[in-house]
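If you read the sequences in order, they're chains Y and D. To convert, take the position in the first sequence, counting from 1, and add 1128; that gives the working numbering. To convert, take the position in the second sequence, counting from 1, and add 1128; that gives the working numbering. Where a beta carbon is used, it is the ideal one built from N, C-alpha and C, also for glycine. Note that the coordinates shown come from a computational prediction; the quantities given were computed from them, not determined experimentally. These notes concern the structure reproduced below.
Protein chains: 2
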Amino acid sequence: MKNDKGSDSNTKYPLSEEELRLIDAYWRACNYLAVGMIYLQDNVLLTKPLEAAHIKNRLLGHWGASPGLAFMYLHINRLINKYDLNAIFLAGPGHGAPGVLGPVYLEGTYSEVYPDISQDAEGMKRFFKQFSFPGGIGSHCTPELPGSIHEGGELGYSVSHAFGAAFDNPDLIVTVAVGDGEAETGPLATSWHSSKFLNPIRDGAVLPILHLNGYKINNPTLLSRIPHDELEKLFQGYGWKPYFVEGDDPATMHQQMAHTMEQCIQDIRLHQQQARASGIAQRVIWPMIILRSPKGWTGPKEVDGNKVEGFWRAHQVPLPNVRKNQTHLKMLESWLQSYRPQELFDENGQLVSELQALIPQGERRMSANRHANGGLLKRNLRMPDFKNYAAIVEQPAKTQAMNTKPLGAMLRDIMRINQTNFRVFGPDENSSNKLDAIYEVSKKLWLADYLPEDNDGGQLSPDGRVLEMLSEHTLEGWFEGYVLTGRHGFFATYEAFVHVIDSMFNQHAKWLAISEALTWRAPIASINLLITSTVWRQDHNGFTHQDPGFLDLVVNKSPQVTRIYLPPDVNCLLSTADHCLRSQNDINVIVCDKQSHMQYLNMDDAIKHCTKGLGIWSWASNDQGTEPDVVMVGCGDIPTKEALAATALLRNEFPDLKIRFINVVDLFRMTPETEHPHGLSDYDFDSLFTMNKPIIFNFHGYPWLIHRLAYRRTNHNNLHVRGYIEKGNINTPLELAIENRIDRFSLAIDVINRVPRLKVSGAHAKQMFRDRQIECQHYAHEHGVDLPEVDNWVWPYD
Amino acid sequence: MKNDKGSDSNTKYPLSEEELRLIDAYWRACNYLAVGMIYLQDNVLLTKPLEAAHIKNRLLGHWGASPGLAFMYLHINRLINKYDLNAIFLAGPGHGAPGVLGPVYLEGTYSEVYPDISQDAEGMKRFFKQFSFPGGIGSHCTPELPGSIHEGGELGYSVSHAFGAAFDNPDLIVTVAVGDGEAETGPLATSWHSSKFLNPIRDGAVLPILHLNGYKINNPTLLSRIPHDELEKLFQGYGWKPYFVEGDDPATMHQQMAHTMEQCIQDIRLHQQQARASGIAQRVIWPMIILRSPKGWTGPKEVDGNKVEGFWRAHQVPLPNVRKNQTHLKMLESWLQSYRPQELFDENGQLVSELQALIPQGERRMSANRHANGGLLKRNLRMPDFKNYAAIVEQPAKTQAMNTKPLGAMLRDIMRINQTNFRVFGPDENSSNKLDAIYEVSKKLWLADYLPEDNDGGQLSPDGRVLEMLSEHTLEGWFEGYVLTGRHGFFATYEAFVHVIDSMFNQHAKWLAISEALTWRAPIASINLLITSTVWRQDHNGFTHQDPGFLDLVVNKSPQVTRIYLPPDVNCLLSTADHCLRSQNDINVIVCDKQSHMQYLNMDDAIKHCTKGLGIWSWASNDQGTEPDVVMVGCGDIPTKEALAATALLRNEFPDLKIRFINVVDLFRMTPETEHPHGLSDYDFDSLFTMNKPIIFNFHGYPWLIHRLAYRRTNHNNLHVRGYIEKGNINTPLELAIENRIDRFSLAIDVINRVPRLKVSGAHAKQMFRDRQIECQHYAHEHGVDLPEVDNWVWPYD
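If you want it as structure tokens, here you go:
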């Protein structure tokens, strides 16, 4: 496969003999390091015969995908050098980390970040030993790995992360290795459509390399076992132009890969130039590569009579028994020697200079590219004054407003003044969620076909910056990729279906928790999740749309990165959103319904209240200066309204009953300060919630969450929580509240049952409240709506 | 579009004029009902001019997909009649329920199940009113709808459910409408690959109809806006043969659809006949239909100057303001009259007889097909005696065994004797999870290409009954479809990634909770989920693979359907699995690690212990007949081992310390009996856990879950729970335990801190335990493994 004419990007053999020799040598160095980190704890340059003592006690790590990943990495490097590309690399098959760790170490970034892992024999020894070793680093592309923005521990998100990185980075090429195992997951399968959301003028490019490595742990992969024609059509159908690189002979494969990579870069540049010259953004059929190479490429062909290279047995540690089996040990030695390390590293363990010359310079190294340490590039959002969007609230609980609508106006103005580093994401629900003011500034990105009627109230534009697709997975992946590369965003979604991305939340929270401890990783913008269309307003969607349990998931993750807010009205939501959009390294979960709701606080009070995170609403309390008989708590918009209505009912019946009313916005205030940075001290908690009076806590979510947060509090035994208890179907709002006992009548009865002196005297009131519940239900079943006076309820005290 | 020659399935116009007239009339009847149920509460046959009083107070429901769904439904009916097909129908776009409710009502099944919804004017009125009405039924294909096994409230699972229904039902044709909104979700996008797992001899057929309805709530759909060629290639690439039916003229569309449906049925039969005649099961390129029709087809074309039919505005209620706007009211009346109801229903509201003749007979009606009420078809699993697989345990805590391995043998034998109604599902991890004995009886189904090396230790077969694909979504969808149609199964998956299907769990739990209340729905087999490769053994996977939080999700759902078990050893796992596989209408979550672990109970004791669900292990306790100083609890395999080791340490140091040891298998025993059917009475709880002694509870999952379950218990204030607290990376097992303080040393220190008389005297022991922790960590970081004597720990008391 010689090329006598030297390098020529337009031939199928672009590498000269010398180039081929060097690139292959560089690859051998990467593969040597990959094997080394799986096996060796000593004798890392093989300067003496390999002995059992040089082998780690426990062999962990994944060889299978590693050589293929290194192969991609260095071929991207070649073009970075040739064209001065600005590129990063995401490894979807996270378990192939040795194939990425090797190149990153070789290009020196690893040693810059971790000086003790130096580029010499001693450093290499530490580099090897720490891999998949207690106290060391994991076997994925974890946050500890410079250049990584994608760990790949859980599979499915590499392509959506890559697109998130490419948005609004016109100069950037995001290369992404997609494992053929990962490609079977749902999130990955739909994320190929992301290319329909990439604007060739404003955005960078994504170059996916689907790695047909052939096998998962024990099985072939689907995509590696369908006919070539089907595979090609699949990706053409997804809207890509697939190029194939297939084989196992290294020399041939280097030529093919070099040729194909060139072709892809040329395609990308051509599309970008055309769009940018014309100023017309249209959908592009972008190139992608399908790389079919053997699993465990260049590793042992056969072990104990079983096929290994090119088979699933190459997935993890091909020679598992090296410490005890002398034959295996010899095979390992031959395998390592097959890379001819003495040609690759000098006696000090430094990469030889002819190979050093292949390494991109400075921040062109993918491991040192600032986009992969996005916090370095992050600029603070320019923020309008959120007070400008305030709802006018002259008296508490007298007026109604749609809570999310002013937030839409605020997001619109944020978008207006942050046109290159702010995005809003949503699964086709931003209008439904009343955030549609944003379209005044930026429409929904749409690059697929248009029809004439799209002008009729449509909000589509090829220049739009709002991203909507009916895949919460893809949206969350884009959002994560976007913030990981230093930008900002906002994601609004239906409460019940935020569970679709439970596992993505888990993984990002883990990424952030680890990243926070790495001083060299600059903080990134927070993930801001508005959970709306909540459980309490599913009048026509019913039971399937009722699930406030995402919060139960959030509280399990590191308190360093988790925040939960339940603003009860417009002004609290605005203040909360302003805080969240300025925060960093957090996942902010804001729960607020989109429908019209009672308003309580004017802006000044809302700011004070949200700053405290919880507090007594004195206008709704009558315990001034004394110990109350009961503490009534509202947490969440609808529960707060019902709790207030309950106090109104009670005060009509029992004027001398002393009620303290508390609203909780910042949920983690419920937990001790030792457990969460937002936790409230026991002293403050006790003074708010009393030491021994009944607390009736009306909560937005599943009631047990409050016990989980507050079980250590002094007055926990008197804490009675109401919340959603999985009772629901097609109900009016009040009927649903009654079914789950968060309604005003149930709460009033709760108080009567728990304040000793009312237990007897309150019998009549209890019966009256029960009658009202039945009346509400009858009215709903007769008329399909709530009792009018219930809908229009206002706080009766001034 | 006439067909003068009468019906001929081989022409493009197979419907005779008369057939066309009738099928269109039937469709009009369906559409009339759909509009009626959205709008009308009276005057349901339009026997007088329409007035505001006839309109519901609140207009809820989704018109957009309804006419298209009804269109599909009746064209399937036509072929059921023609070929005596055994078919069911799944509506992916659940919100188009009016388009399914109509046909189901017309074929009489609705009235059979709900006699008050009779087939007359009065019944029709009740049918209309109950739709999306408080106290009535939801706007999806909820469990209340006869013939439904797929609600479609959350999108993404229609195709995988359909395949689950088709497996092992060779005679069945599962038709499934797939919304183009739903088609954007990840789970749906990968579920098209399910066709590669359908054996044409043994399984039935799935006929998907992708409904290019064009729009979601406010946006076009991606698949409706890509070139025809791309769309065709996409589905060819997925491995299907797509047929297109496109247009809006009803007569033309009826002919096209009839022709295409015929073609598809012929294709299906041909493939099945070929495979069945030859006895050779090969992958089939199955037919599918892409139906492009206007959203809100036959509805108002324009409202207030805005396009409605064929646009996103047709999504929900096209005329929203009918009660107040006289023009809209008139438009609604014209719309309803456009279906010419007087031709369709007689004066009593009965479908005219010429249309009744189009209805399939008896159980051929898709709404009355037993496969859609799978409990009717369910046969109990034939079960081997689980005691046959017992681990020999002569003394507790002396021997080790892999907990899941004997379960693999048991599953193998269950598979052996249930070859047509039992399946095992897993994401490429059954070998990794030590369940591979099952392959002795049934290999992994594989119908895609084979390579020679597949014979080398491979477990693939076109006849395999074990289904493995790297998509938890698809697996869970298959499993649900399989049990919903009356069969049984078992799904093993990695603990951390069971979160991928959180939302599917939620939706199935809701389906079951509603179904249980419907006496006409026969109980179905439980979903059995083995959660393995647990948080405590992620030695090489690290932090991303550590998440025991699925249980926190499970406990939020209805206690009627949720069960959680944490068997500590082989025999308890076998006993638990036997119980679960015999149960019905539950979701059983079994948590048990796959690695080698200490064994505690012989089979007799295990059965007794699992039957109680929790209990004192007297061999590990020294409080016989007295009140203990402390109660030590283990829940989960590894936490139990560490808790036992802690008691051993303590008894060495403090021989007179009275420790009661409790193990919990059935997690819901922790909750009061009023909260869950498995809840323990307070009396029993108090006698086990004491009224006032410290309880050290070592838990498998996040510790707060135990407080959530037990916060009402008498002795809750003395309950100290240890569990996973998000501390982890690459750790040895003991080191990970130490990080999270579930290790023996931390627990022993906990006891010293909480038993008053030890607080002073125990200072030396505390220091010793702390030193041991540090030693463990040093050893791990030095050698990569745990201290050998810790790994080989055995219970020292007999």
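Asked                                                                                                                              : Found
Under 9 Å by beta carbon: chain D residues contacting proline 1805 (chain Y)                                                       : Chain D residues near proline 1805 (chain Y): none, gap ~15 Å exceeds 9 Å.
Neighbouring residues, chain Y, relative to tryptophan 1923 (chain D) (Cβ below 7 Å)                                               : The contacting residues do not exist; tryptophan 1923 (chain D) stays about 26 Å from chain Y at best.
Where lysine 1344 (chain D) falls: helix, strand or coil (DSSP)                                                                    : coil
Exposure of tyrosine 1907 (chain Y), with buried meaning 16 or more beta-carbon neighbours within 10 Å                             : buried
Interface positions of the segment 1857-1873 of chain Y facing chain D (Cβ-Cβ less than 8 Å), listed along the chain               : Asn1857, Ile1858, Asn1859, Thr1860, Glu1863
8 Å contact criterion, which tyrosine 1728 (chain Y) and proline 1695 (chain Y) should meet: CB distance rounded                   : With a Cβ gap of about 10 Å, tyrosine 1728 (chain Y) and proline 1695 (chain Y) do not count as contacting.
Three-way DSSP call (helix, strand, coil) for aspartate 1706 (chain D) in this model                                               : helix
Tyrosine 1830 (chain Y) versus serine 1686 (chain D) - alpha carbon distance                                                       : 12 Å
Within chain Y, the residues that phenylalanine 1927 (chain D) reaches when beta carbons sit closer than 7 Å                       : The displayed coordinates of chain D run from 1129 to 1926. Any statement about residue 1927 (chain D) would go beyond what the structure contains.
Segment contact flag, the segment 1201-1212 of chain Y with the segment 1382-1390 of chain Y, C-beta cutoff 8 Å, min 3 pairs       : yes
Residue range of the unbroken alpha helix (DSSP H) whose run includes proline 1767 (chain D)                                       : 1765-1781
Backbone secondary structure at asparagine 1826 (chain Y) - three-state DSSP                                                       : strand
Contact between the segment 1159-1171 of chain Y and the segment 1249-1258 of chain Y (3+ Cβ pairs under 8 Å)                      : yes
N-terminal and C-terminal residue of the alpha helix (DSSP H) that proline 1231 (chain Y) is part of                               : 1226-1234
Aspartate 1706 (chain D) beta carbon less than 7 Å from that of arginine 1691 (chain D)                                            : no
Touching by the beta-carbon criterion (3+ pairs, under 8 Å), the segment 1578-1593 of chain D and the segment 1459-1471 of chain D : no
Nearest neighbour of glutamine 1842 (chain Y), chosen from Y:Lys1571, Y:Arg1544, Y:Ser1809 [CA to CA]                              : Sequence inspection shows threonine at residue 1842 (chain Y); the glutamine mentioned does not correspond to that position. When each option's Cα is compared against that of threonine 1842 (chain Y), the closest is Y:Ser1809.
CB contact check: aspartate 1132 (chain Y) to chain D, cutoff 7 Å                                                                  : Note on aspartate 1132 (chain Y): pLDDT 42, under 50, position unreliable in the model; the coordinate value appears next. Not an interface residue.
Residue-level contact to chain D via CB, glutamine 1895 (chain Y), 7 Å cutoff                                                      : no
Which listed residue (D:Phe1671, D:Val1594, D:Tyr1467, D:Arg1510) has its alpha carbon closest to that of leucine 1173 (chain D)   : D:Tyr1467
contact_flag[the segment 1851-1865 of chain D, the segment 1791-1802 of chain D] where n(CB pairs < 8 Å) is 3 or more              : no
Nearest-angstrom beta carbon gap, leucine 1640 (chain Y) and valine 1689 (chain Y) [assumed within contact, 8 Å]                   : 4 Å
Integer Cβ distance of glycine 1502 (chain Y) from valine 1611 (chain Y), believed to fall under 8 Å                               : 7 Å
Reference phenylalanine 1514 (chain D), options D:Gly1424, D:Leu1535, D:Asn1297, D:Ile1520, closest by Cα                          : D:Leu1535
CB contact check: histidine 1627 (chain Y) to chain D, cutoff 7 Å                                                                  : yes
Under 8 Å from the C-beta of proline 1315 (chain D): neighbouring residues of chain Y                                              : Gly1314
Ranges of the beta strand (DSSP E) found wholly within the segment 1520-1601 of chain D, counting only runs of at least 3          : 1528-1530, 1550-1554, 1594-1596
Chain-ordered chain D contacts of lysine 1361 (chain Y) [CB-CB under 8 Å]                                                          : Lys1361, Leu1362, Gln1364, Gly1365
Alpha-carbon spacing of tyrosine 1366 (chain D) relative to phenylalanine 1553 (chain Y), whole angstroms                          : 28 Å
Contact set between threonine 1318 (chain Y) and chain C, taken where Cβ atoms lie within less than 7 Å                            : Absence of chain C from the displayed structure is noted, the protein chains being Y and D.
Residues sharing a beta bridge with serine 1724 (chain Y), DSSP                                                                    : Y:Met1530
Neighbour-count burial assignment, glycine 1134 (chain Y), 16 or more Cβ in a 10 Å radius                                          : Only weak support is given to the placement of glycine 1134 (chain Y): the predicted model assigns it a pLDDT of 42, under 50, and the question is left unresolved by the model.
Close beta carbons around lysine 1452 (chain D), own chain, < 8 Å, minus the five adjacent residues each side                      : Ala1180
Cα-Cα separation, alanine 1776 (chain D) to methionine 1632 (chain Y)                                                              : 41 Å
Exposure label - tryptophan 1425 (chain Y); buried when at least 16 CB within 10 Å                                                 : buried
Bridge partner(s) assigned by DSSP for tyrosine 1622 (chain D)                                                                     : D:Thr1660
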